[in-house]
Amino acid sequence: AADLAKMGYDVTIFEALHKTGGVLTYGIPEFRLPKKIVGYEVDKIKDLGVKILADFVVGLTKGVDELANEFDAIFLANGAGAPQFMHIPGENLNDVYSANEFLTRSNLMKAYKFPEFDTPIKAGKKVVVIGGGNVAMDAARTALRLGAKDVHVVYRRTKEEAPARAEEIAHAEEEGIVFDFLTLPVRILGDEKGNVTGMECIKMRLGEPDESGRRRPLPIEGSNFVMQVDMVICAISPLYHVFSPNRRQTVPASLWKSACPFYYKHMRAGIVPPVD
(Lines of atoms letter the chains of each structure in order from A and count residues from 1; the text may use other names and numbers.)
(Lines give C-alpha, C1' and ligand atoms only; values in the text may rest on other atoms or scores of the structure.)
Protein backbone atom coordinates (compact mmCIF):
# COMPACT_ATOMS: atom_id res chain seq x y z
CA ALA A 1 0.00 0.00 0.00
CA ALA A 2 2.79 2.42 0.92
CA ASP A 3 4.77 1.70 -2.24
CA LEU A 4 1.69 2.16 -4.43
CA ALA A 5 0.86 5.44 -2.69
CA LYS A 6 4.41 6.68 -3.32
CA MET A 7 3.89 5.88 -7.01
CA GLY A 8 0.84 8.12 -7.06
CA TYR A 9 -1.97 5.61 -6.76
CA ASP A 10 -5.10 6.18 -4.67
CA VAL A 11 -5.02 3.25 -2.23
CA THR A 12 -7.60 1.89 0.21
CA ILE A 13 -6.96 -0.89 2.74
CA PHE A 14 -9.90 -2.95 3.98
CA GLU A 15 -9.20 -4.35 7.46
CA ALA A 16 -11.49 -7.06 8.85
CA LEU A 17 -10.63 -6.37 12.50
CA HIS A 18 -11.27 -3.26 14.54
CA LYS A 19 -7.55 -2.45 14.74
CA THR A 20 -5.12 -2.11 11.88
CA GLY A 21 -1.76 -3.81 11.57
CA GLY A 22 -2.75 -7.39 10.85
CA VAL A 23 -0.59 -10.06 12.44
CA LEU A 24 1.75 -7.37 13.78
CA THR A 25 -1.13 -6.23 15.99
CA TYR A 26 -3.01 -9.41 16.90
CA GLY A 27 -0.34 -12.07 16.52
CA ILE A 28 3.00 -10.78 17.82
CA PRO A 29 3.12 -10.16 21.60
CA GLU A 30 3.83 -6.75 23.06
CA PHE A 31 7.11 -7.92 24.61
CA ARG A 32 8.43 -8.73 21.13
CA LEU A 33 6.88 -5.89 19.15
CA PRO A 34 5.47 -2.91 21.08
CA LYS A 35 2.16 -1.78 19.61
CA LYS A 36 3.39 1.83 19.60
CA ILE A 37 5.83 0.85 16.85
CA VAL A 38 3.03 -0.73 14.81
CA GLY A 39 0.91 2.38 15.33
CA TYR A 40 3.79 4.55 14.14
CA GLU A 41 4.11 2.52 10.93
CA VAL A 42 0.35 2.65 10.33
CA ASP A 43 0.38 6.43 10.80
CA LYS A 44 3.21 6.73 8.24
CA ILE A 45 1.07 4.85 5.72
CA LYS A 46 -1.90 7.11 6.44
CA ASP A 47 0.33 10.16 5.99
CA LEU A 48 1.02 8.95 2.45
CA GLY A 49 -2.69 9.28 1.75
CA VAL A 50 -3.67 5.62 2.15
CA LYS A 51 -7.23 5.21 3.45
CA ILE A 52 -7.83 2.41 5.96
CA LEU A 53 -11.34 1.10 6.62
CA ALA A 54 -11.54 -1.12 9.72
CA ASP A 55 -14.32 -3.61 10.56
CA PHE A 56 -14.66 -4.27 6.83
CA VAL A 57 -14.92 -7.94 5.89
CA VAL A 58 -14.54 -8.27 2.15
CA GLY A 59 -17.11 -10.75 0.94
CA LEU A 60 -19.49 -9.84 3.75
CA THR A 61 -19.50 -6.05 4.13
CA LYS A 62 -19.11 -5.84 0.37
CA GLY A 63 -18.50 -8.51 -2.22
CA VAL A 64 -15.54 -8.64 -4.58
CA ASP A 65 -17.74 -7.93 -7.57
CA GLU A 66 -18.97 -4.71 -5.95
CA LEU A 67 -15.42 -3.60 -5.15
CA ALA A 68 -14.25 -4.47 -8.66
CA ASN A 69 -16.69 -1.86 -9.96
CA GLU A 70 -15.19 0.77 -7.65
CA PHE A 71 -11.45 0.06 -8.05
CA ASP A 72 -9.11 -0.53 -10.96
CA ALA A 73 -7.30 -3.36 -9.17
CA ILE A 74 -7.66 -5.45 -6.02
CA PHE A 75 -4.76 -7.12 -4.22
CA LEU A 76 -5.74 -9.97 -1.90
CA ALA A 77 -3.52 -10.02 1.20
CA ASN A 78 -5.76 -12.01 3.51
CA GLY A 79 -2.92 -14.07 4.97
CA ALA A 80 -2.40 -17.59 6.27
CA GLY A 81 -3.82 -17.31 9.74
CA ALA A 82 -6.57 -19.91 9.76
CA PRO A 83 -5.92 -22.11 12.82
CA GLN A 84 -5.14 -25.78 12.39
CA PHE A 85 -5.57 -28.54 14.95
CA MET A 86 -4.12 -32.04 15.13
CA HIS A 87 -7.50 -33.81 14.98
CA ILE A 88 -6.81 -35.91 18.05
CA PRO A 89 -9.36 -36.90 20.73
CA GLY A 90 -10.04 -34.24 23.35
CA GLU A 91 -9.50 -31.12 21.25
CA ASN A 92 -13.07 -30.04 22.06
CA LEU A 93 -12.35 -29.79 25.80
CA ASN A 94 -12.35 -26.51 27.71
CA ASP A 95 -9.05 -24.59 27.66
CA VAL A 96 -7.83 -26.07 24.38
CA TYR A 97 -6.89 -23.10 22.21
CA SER A 98 -5.39 -22.49 18.83
CA ALA A 99 -2.36 -20.23 19.14
CA ASN A 100 -4.15 -17.82 16.81
CA GLU A 101 -7.08 -17.41 19.21
CA PHE A 102 -4.89 -17.37 22.32
CA LEU A 103 -2.56 -14.65 21.01
CA THR A 104 -5.38 -12.61 19.49
CA ARG A 105 -7.24 -12.54 22.79
CA SER A 106 -4.10 -11.57 24.62
CA ASN A 107 -2.89 -8.91 22.21
CA LEU A 108 -6.11 -7.27 21.02
CA MET A 109 -7.82 -7.41 24.41
CA LYS A 110 -4.70 -6.28 26.28
CA ALA A 111 -4.40 -9.34 28.50
CA TYR A 112 -0.66 -8.68 28.45
CA LYS A 113 -1.36 -5.60 30.63
CA PHE A 114 -3.17 -7.52 33.39
CA PRO A 115 -4.13 -6.37 36.01
CA GLU A 116 -4.34 -2.89 34.46
CA PHE A 117 -6.89 -4.42 32.09
CA ASP A 118 -9.26 -7.23 33.03
CA THR A 119 -7.76 -10.21 31.29
CA PRO A 120 -10.12 -11.95 28.83
CA ILE A 121 -8.23 -15.21 29.25
CA LYS A 122 -6.57 -16.99 32.12
CA ALA A 123 -3.59 -19.17 31.42
CA GLY A 124 -3.62 -22.45 33.26
CA LYS A 125 -1.00 -23.28 35.84
CA LYS A 126 0.42 -26.13 33.74
CA VAL A 127 0.37 -25.24 30.06
CA VAL A 128 1.56 -27.23 27.07
CA VAL A 129 2.12 -25.71 23.62
CA ILE A 130 2.15 -28.02 20.60
CA GLY A 131 4.51 -26.94 17.82
CA GLY A 132 8.06 -25.83 17.13
CA GLY A 133 7.72 -22.53 15.28
CA ASN A 134 7.96 -18.89 16.27
CA VAL A 135 4.24 -18.76 17.03
CA ALA A 136 4.67 -21.61 19.51
CA MET A 137 7.42 -19.62 21.24
CA ASP A 138 5.18 -16.54 21.39
CA ALA A 139 2.30 -18.56 22.85
CA ALA A 140 4.50 -20.23 25.46
CA ARG A 141 6.11 -16.98 26.60
CA THR A 142 2.71 -15.25 26.68
CA ALA A 143 1.31 -18.03 28.89
CA LEU A 144 4.12 -17.38 31.36
CA ARG A 145 3.26 -13.70 31.46
CA LEU A 146 -0.40 -14.52 32.09
CA GLY A 147 0.48 -16.47 35.22
CA ALA A 148 1.33 -20.02 34.17
CA LYS A 149 3.77 -21.69 36.56
CA ASP A 150 4.90 -24.53 34.31
CA VAL A 151 5.02 -24.27 30.50
CA HIS A 152 6.13 -27.04 28.13
CA VAL A 153 6.62 -26.93 24.36
CA VAL A 154 6.03 -30.30 22.69
CA TYR A 155 7.55 -30.86 19.25
CA ARG A 156 7.71 -34.07 17.24
CA ARG A 157 11.19 -33.47 15.82
CA THR A 158 14.48 -32.34 17.36
CA LYS A 159 15.60 -28.88 18.42
CA GLU A 160 17.83 -28.60 15.35
CA GLU A 161 14.87 -29.17 13.04
CA ALA A 162 12.44 -26.83 14.78
CA PRO A 163 11.31 -24.07 12.39
CA ALA A 164 11.52 -21.37 15.09
CA ARG A 165 14.47 -19.02 14.94
CA ALA A 166 17.30 -20.09 17.23
CA GLU A 167 17.11 -16.86 19.21
CA GLU A 168 13.38 -17.37 19.86
CA ILE A 169 14.04 -20.82 21.30
CA ALA A 170 16.91 -19.42 23.36
CA HIS A 171 14.70 -16.67 24.80
CA ALA A 172 12.06 -19.23 25.75
CA GLU A 173 14.66 -21.44 27.44
CA GLU A 174 16.04 -18.45 29.35
CA GLU A 175 12.56 -17.81 30.74
CA GLY A 176 12.27 -21.37 32.03
CA ILE A 177 10.09 -22.95 29.36
CA VAL A 178 10.67 -26.71 29.10
CA PHE A 179 11.06 -28.31 25.67
CA ASP A 180 9.94 -31.88 25.03
CA PHE A 181 11.44 -32.76 21.67
CA LEU A 182 10.73 -35.97 19.74
CA THR A 183 7.31 -36.04 21.38
CA LEU A 184 3.91 -36.30 19.67
CA PRO A 185 0.51 -35.72 21.34
CA VAL A 186 -2.00 -38.51 20.70
CA ARG A 187 -4.97 -37.40 22.83
CA ILE A 188 -6.04 -34.76 25.35
CA LEU A 189 -7.56 -35.98 28.60
CA GLY A 190 -10.37 -34.33 30.54
CA ASP A 191 -12.63 -34.69 33.56
CA GLU A 192 -16.40 -35.12 33.79
CA LYS A 193 -16.86 -31.33 33.53
CA GLY A 194 -15.01 -31.15 30.23
CA ASN A 195 -11.87 -29.53 31.61
CA VAL A 196 -8.36 -30.50 30.50
CA THR A 197 -6.50 -32.69 33.00
CA GLY A 198 -3.64 -34.06 30.91
CA MET A 199 -2.24 -34.95 27.51
CA GLU A 200 -1.11 -38.38 26.38
CA CYS A 201 2.00 -38.37 24.18
CA ILE A 202 4.24 -40.87 22.46
CA LYS A 203 8.00 -40.61 22.02
CA MET A 204 9.37 -40.36 18.50
CA ARG A 205 12.54 -41.26 16.64
CA LEU A 206 13.84 -39.88 13.36
CA GLY A 207 13.69 -41.98 10.22
CA GLU A 208 14.52 -41.21 6.60
CA PRO A 209 14.08 -37.69 5.16
CA ASP A 210 10.61 -36.77 3.95
CA GLU A 211 9.53 -34.36 1.19
CA SER A 212 10.62 -31.38 3.32
CA GLY A 213 14.19 -32.70 3.47
CA ARG A 214 13.96 -33.27 7.22
CA ARG A 215 14.11 -36.73 8.76
CA ARG A 216 10.62 -38.13 9.24
CA PRO A 217 9.54 -38.59 12.91
CA LEU A 218 8.36 -42.12 13.65
CA PRO A 219 6.54 -43.30 16.81
CA ILE A 220 8.31 -45.57 19.27
CA GLU A 221 5.93 -48.38 20.16
CA GLY A 222 5.10 -48.64 23.86
CA SER A 223 6.57 -45.24 24.77
CA ASN A 224 3.27 -43.53 25.62
CA PHE A 225 3.16 -41.32 28.69
CA VAL A 226 0.81 -38.70 30.19
CA MET A 227 1.66 -35.07 30.95
CA GLN A 228 -0.41 -33.44 33.70
CA VAL A 229 -1.62 -30.14 32.21
CA ASP A 230 -4.68 -27.92 32.51
CA MET A 231 -4.35 -25.96 29.27
CA VAL A 232 -3.33 -26.89 25.71
CA ILE A 233 -2.36 -24.44 22.96
CA CYS A 234 -2.05 -25.81 19.43
CA ALA A 235 0.55 -23.86 17.44
CA ILE A 236 1.10 -26.03 14.38
CA SER A 237 1.34 -24.50 10.89
CA PRO A 238 -1.70 -22.32 10.15
CA LEU A 239 -3.79 -22.83 7.04
CA TYR A 240 -4.26 -20.38 4.22
CA HIS A 241 -7.40 -18.27 4.58
CA VAL A 242 -9.91 -19.22 1.92
CA PHE A 243 -11.04 -15.98 0.31
CA SER A 244 -14.73 -16.07 -0.47
CA PRO A 245 -15.89 -13.55 -3.09
CA ASN A 246 -19.25 -13.48 -1.32
CA ARG A 247 -19.47 -14.89 2.21
CA ARG A 248 -23.21 -15.19 1.91
CA GLN A 249 -22.47 -18.16 -0.32
CA THR A 250 -21.06 -21.51 0.78
CA VAL A 251 -17.26 -21.57 1.05
CA PRO A 252 -15.74 -24.76 -0.41
CA ALA A 253 -14.15 -27.03 2.19
CA SER A 254 -10.99 -27.52 0.13
CA LEU A 255 -8.55 -24.68 0.76
CA TRP A 256 -5.78 -24.15 -1.75
CA LYS A 257 -7.32 -26.26 -4.50
CA SER A 258 -10.58 -24.31 -4.38
CA ALA A 259 -9.00 -20.90 -3.83
CA CYS A 260 -6.54 -20.93 -6.72
CA PRO A 261 -9.08 -21.35 -9.53
CA PHE A 262 -11.00 -18.34 -8.21
CA TYR A 263 -7.90 -16.18 -8.02
CA TYR A 264 -6.53 -17.01 -11.43
CA LYS A 265 -9.94 -16.94 -13.08
CA HIS A 266 -10.27 -13.30 -12.02
CA MET A 267 -6.69 -12.10 -12.56
CA ARG A 268 -7.58 -10.50 -15.89
CA ALA A 269 -10.27 -8.52 -14.13
CA GLY A 270 -7.61 -6.86 -11.98
CA ILE A 271 -7.80 -9.14 -8.95
CA VAL A 272 -4.26 -10.06 -7.95
CA PRO A 273 -3.83 -13.28 -5.91
CA PRO A 274 -1.53 -13.34 -2.87
CA VAL A 275 2.06 -14.47 -3.29
CA ASP A 276 4.83 -15.19 -0.78
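The sequence shown runs contiguously to residue 281 in our numbering. All C-beta atoms in this analysis are idealised placements derived from N, C-alpha and C, irrespective of residue type, glycine included.
- In the three-state DSSP reduction, residue 62 falls in the coil class, being neither helix nor strand.
- In the three-state reduction of the DSSP assignment, residue 208 falls in the strand class, which pools E and B.
- When the beta-carbon positions are compared, residue 201 and residue 101 come within less than 8 Å of each other.
- Judged by DSSP secondary structure, residue 186 falls outside any alpha helix (DSSP H); it is assigned neither H nor E.
- Between residue 131 and residue 234, the beta carbon gap of about 5 Å places them in contact (Cβ cut-off 8 Å).
- Residue 17 and residue 58 do touch by the CB rule: their CB atoms are close to 7 Å apart, below 8 Å.
- The Cβ-Cβ distance between residue 210 and residue 187 falls below 8 Å.
- Where residue 176 is concerned, the enclosing alpha helix (DSSP H) starts and stops at 171-179.
- In the structure shown, residue 234 falls within a coil segment according to DSSP collapsed to helix, strand and coil.
- Rounded to whole angstroms, the separation of the alpha carbons of residue 177 and residue 229 is 26 Å.
- Counted as a single uninterrupted DSSP element, the stretch harbouring residue 158 is not any alpha helix (DSSP H) but the beta strand (DSSP E) occupying residues 155-159.
- Between residue 192 and residue 93, the CB-CB gap stays under 8 Å.
- Under the three-state reduction of DSSP, residue 162 is assigned to coil, being neither helix nor strand.
- According to DSSP, residue 31 shares a beta bridge with no other residue.
- DSSP, reduced to helix, strand and coil, places residue 14 outside both helices and strands of the structure shown, so it counts as coil.
- Residue 228: not part of any beta strand (DSSP E); DSSP gives it neither H nor E.
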